[in-house]
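All letters in the sequence shown, in the order written, are residues -23 to -1, 1 to 367 by mature numbering (1 follows the signal peptide of the UniProt record, and there is no 0).
Note that beta-carbon positions come from the ideal geometry of N, C-alpha and C, so glycine has one too.
Everything on this sheet refers to the single structure shown next.
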Amino acid sequence: MAASRLLGHSSLWLPIRWSRVAALGLHTAGGRMQASQQDFEKAQNDLKTLKKDPGNDVKLKLYALFKQATQGSCNAPKPGMLDFVNKAKWDAWNSLGSLSKDEAKKSYVELVNGLILSEAPAKDTASLSTGQKYDTLQVITEDNITKIFLNRPEKKNAITLQMYKEIGLALDEAAKDDNTVITVLTGHGDYFCSGNDLNNFTNIPPEGKEKMASDSAVILEAFVSKFIDFPKPLIAVINGPAVGISVTILGLFDIVYATDRATFHTPFSQLGQSPEGCSSYTFPRVMGLSKAVEVLLFNKLLTAHEACKLGLVTEVFPDATFQKEVWGRLRSYGELPKNSLVFSKQLIRDTEKEKLHAVNVQECERLKERWLSDDCMNAIISFFQKKAKL
Ligand code: COA
């Protein structure tokens, strides 16, 4: 379905106007969004400047919030089953239930601003960032929170080798930063993350695929270690489906908040691989052995509510109010005394650290072998063959 058709806009994707992006900061007070009528109208104009198609899920959400903000709860007759486009739009609007016009307006403005910021080059967000420049992330520190956004929405935030390194760097910066009380990992776009970028397996160095496997294992081990050792409260804001390593590392977070649209999938066996992110240790502890086996060995996909029931997710929020509710709560956490949080985390976590590092090493060793296996190679080839046929 064409992106513009869905919203009935033909001029939705015009070149971005950087002056508008720079002006974003003028419409926040103390980091909190004021959704005046002027901001709402500005957001509508800003939306037309987006360069990248944010995907149908996001566009439906924008449509629904716009209708709710301007007309209130859905009162239009339900379109027929075969009228797919209008039915999808009606469903999205209707799903907002009795959300007030003001709340809808605020959510609309926040969503558009997030999309605009995700397209802004690092130099335009320098005043908000920790100073480190990232190609695959957007990093913002405000309200005592360092927010690390995975920023490849067009690739469902699949993690490239560069991204592994940049996430590690962003965590190092947040750990050192005096203004950071809590740190949040989340994604831009409709996915939290689709896991390891499978293209990582296609860049074979001249020394051969053994070298590729051992280099990847070193990168993975270092990446996971950053989460094991992170000293401050670490929170995952799961804005959409999560796959592979973006699921397995969740056992190393202190809190996991998820939209009810999120799903959790670790298709390792299907890919001829094995678990990482210390999940072979944390998942059985969190959810019990047999549930962990279903998830890690047999690729069972969990809904957000299932993951919450199993203890992997702390709390699930309705998608329509997810961002507002979660960030509101996180801002209040950011006001707590930093050292108290650090020491409490130490008391809870430090007894496990040595064990987690040992598990991490073992998992990476096993993966080094798995990545070279025929099972894995065939699965990767099949992913790219399917893609080529589309
Ligand atoms: N590695 C490489 N590319 C990926 C990717 C990944 N893990 N996940 C998504 N992409 C790419 C797609 O190839 C596509 O690229 P294209 O626009 O150049 O064709 C783009 O991101 C959008 O994804 P698409 O597949 O069109 O979206 P979808 O909504 O139909 O499906 C997924 C989303 C995540 C279900 C699907 O992309 C997928 O199965 N990806 C692989 C997930 C995976 O196996 N991860 C590793 C786990 S260990």
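Practice task
Determine the extent of the beta strand (DSSP E) in which Val293 is found, giving its start and end residues.
Solution key: For the purposes of this step, residue 293 is taken as residue 316 along the sequence shown, with counting starting at 1. Looking at the DSSP string, the run of the beta strand (DSSP E) that includes Val293 is 292 to 294.
Q.
If we require 4 or more residues per run, which alpha helix (DSSP H) segments fall completely within the stretch 8 to 54?
A. 14 to 24, 33 to 48
Output needed for Thr259: all residues of its chain with C-beta closer than 6 Å, excluding positions within five of it in sequence on either side, in chain order. For this step, residue 259 is matched to residue 282 along the sequence shown. Within the same chain, Thr259 has close Cβ partners Gly228.
- Query: For Lys124, which three-state DSSP category applies?
  - Reply: By 1-based counting over the sequence shown, the position of residue 124 is 147. In the displayed model, Lys124 falls within a strand according to three-state DSSP.
How many angstroms separate the CA atom of Asp112 from the CA atom of Leu175? On the sequence shown, position 135 is the one that residue 112 refers to. On the sequence shown, position 198 is the one that residue 175 refers to. Distance between the alpha carbons of Asp112 and Leu175: 19 Å.
- request: Between the Cα of Gln45 and those of Asp30, Asn216, Lys82, Asp149, spot the shortest distance and give me the residue it belongs to.
  value: If you number the sequence shown from 1, residue 45 lands on position 68. Selected option, being the one with the closest Cα: Lys82.
- Query: Taking Cβ to Cβ, would you say Met354 is nearer than 9 Å to Gly249?
  - Reply: Here residue 354 refers to the residue found at position 377 of the sequence shown. Here residue 249 refers to the residue found at position 272 of the sequence shown. Yes, the pair counts as a contact, with Cβ atoms nearer than the cut-off.
Point to revise | C-alpha gap between Val161 and Glu184, whole angstroms | key: Translated into positions along the sequence shown, residue 161 becomes position 184. Translated into positions along the sequence shown, residue 184 becomes position 207. Val161 and Glu184: Cα-Cα distance of roughly 38 Å.
Alpha-carbon to alpha-carbon, Lys55 and Gly292
Counting from one through the sequence shown, the residue named residue 292 turns up at place 315. Counting from one through the sequence shown, the residue named residue 55 turns up at place 78. With the sequence shown as reference, residue 292 is identified as Glu, and Gly is not the correct amino acid for it. So the two alpha carbons sit approximately 32 Å from each other.
> Quick check: the stretch 184 to 202 against the stretch 324 to 343, are there 3 or more CB pairs under 8 Å?
Replying inline: yes
Should Asn173 be listed as close to the ligand COA, given that the test is whether its C-beta is under 8 Å from any heavy atom?
The residue labelled residue 173 in the question sits at position 196 within the sequence shown. Yes, Cβ of Asn173 sits closer than 8 Å to a heavy atom of the ligand COA.
Exercise. Reducing DSSP to helix, strand and coil, say where Gly172 ends up.
Key: Walking along the sequence shown from the start, residue 172 turns up at place 195. Correct three-state label for Gly172: coil.
| said: Spatial neighbours of Ile357 within its chain, please: C-beta separation below 7 Å, excluding the five flanking residues on both sides. | reply: Locating residue 357 in the sequence shown gives position 380, where the first residue counts as 1. Result list for Ile357: Leu175, Phe178, in chain order.
### Task
Could you name the residues of the same chain whose beta carbon sits closer than 7 Å to that of Gly145, not counting the 5 residues immediately before and after it, in chain order?
Here residue 145 refers to the residue found at position 168 of the sequence shown. Once the five neighbours on either side are set aside, the close Cβ partners of Gly145 are Ala199, Phe200, Lys203.
- Kindly identify the DSSP beta-bridge partner or partners of Glu119. For the purposes of this step, residue 119 is taken as the residue at position 142 of the sequence shown. In the DSSP output, where bridge partners are listed per residue, Glu119 has Ile122.
Give me the DSSP bridge partner(s) of Val303. In the sequence shown, residue 303 corresponds to position 326, counting from 1. Its beta-bridge partners do not exist; DSSP assigns none.
Given a threshold of 16 other Cβ atoms within 10 Å of its Cβ, counted over all protein chains shown, does Leu266 qualify as buried or as exposed? Translated into positions along the sequence shown, residue 266 becomes position 289. With fewer than 16 Cβ atoms within 10 Å of its Cβ, Leu266 is classed as exposed.
So the candidates are Lys268, Ser77, Leu88; which of them puts its Cα closest to the Cα of Leu24? As a working note, residue 24 is residue 47 in the sequence shown. For Leu24, the nearest C-alpha among the options comes from Leu88.
Open item on the list: Please tell me whether Asn134 and Gly91 are closer than 9 Å, where the distance is taken between their beta carbons.
Closed with: Looking up residue 134 in the sequence shown gives position 157. Looking up residue 91 in the sequence shown gives position 114. No, the Cβ-Cβ distance between Asn134 and Gly91 is not below 9 Å.
- Task: Would you mind giving the Cβ-Cβ distance between Val86 and Phe17, rounded to the nearest angstrom? I have them listed as a contact below 8 Å.
- Result: To locate residue 86, count along the sequence shown from 1; it is residue 109. To locate residue 17, count along the sequence shown from 1; it is residue 40. In this structure Val86 touches Phe17 by the C-beta definition: roughly 6 Å separates them, less than 8 Å.
| query | To the nearest angstrom, how far is it from the Cα of Tyr310 to the Cα of Leu27? | reply | On the sequence shown, residue 310 is found 333 positions in, with the first residue counted as 1. On the sequence shown, residue 27 is found 50 positions in, with the first residue counted as 1. Rounded to the nearest angstrom, the two C-alpha atoms are 32 Å apart.
_Output needed for Asn173: all residues of its chain with C-beta closer than 8 Å, excluding positions within five of it in sequence on either side, in chain order._
By 1-based counting over the sequence shown, the position of residue 173 is 196. If we look at Asn173 and ignore the five residues flanking it on each side, its Cβ neighbours are Ala135, Ile136, Gly221, Ile222.
Exercise. Pull up the distance between the alpha-carbon of Trp70 and that of Leu287, whole angstroms please.
Key: To locate residue 70, count along the sequence shown from 1; it is residue 93. To locate residue 287, count along the sequence shown from 1; it is residue 310. Trp70 and Leu287: Cα-Cα distance of roughly 31 Å.
Practice item. Could you tell me if the beta carbon of residue 368 falls within a distance shorter than 8 Å of some heavy atom in the ligand COA? Key: Outside the displayed span of the chain (-23 to 367) sits residue 368, for which this structure offers no information.
**OP:** Look at the alpha carbon of Arg306 and the alpha carbon of Val158, and state the distance between them as a whole number of angstroms.
**Re:** Along the sequence shown, one-based indexing puts residue 306 at 329. Along the sequence shown, one-based indexing puts residue 158 at 181. Spanning the two alpha carbons is a distance of roughly 14 Å.
*Three-way DSSP call (helix, strand, coil) for His165 in this model*: Numbered from its first residue, the sequence shown carries residue 165 at position 188. Note: His165 maps to coil in three-state DSSP.
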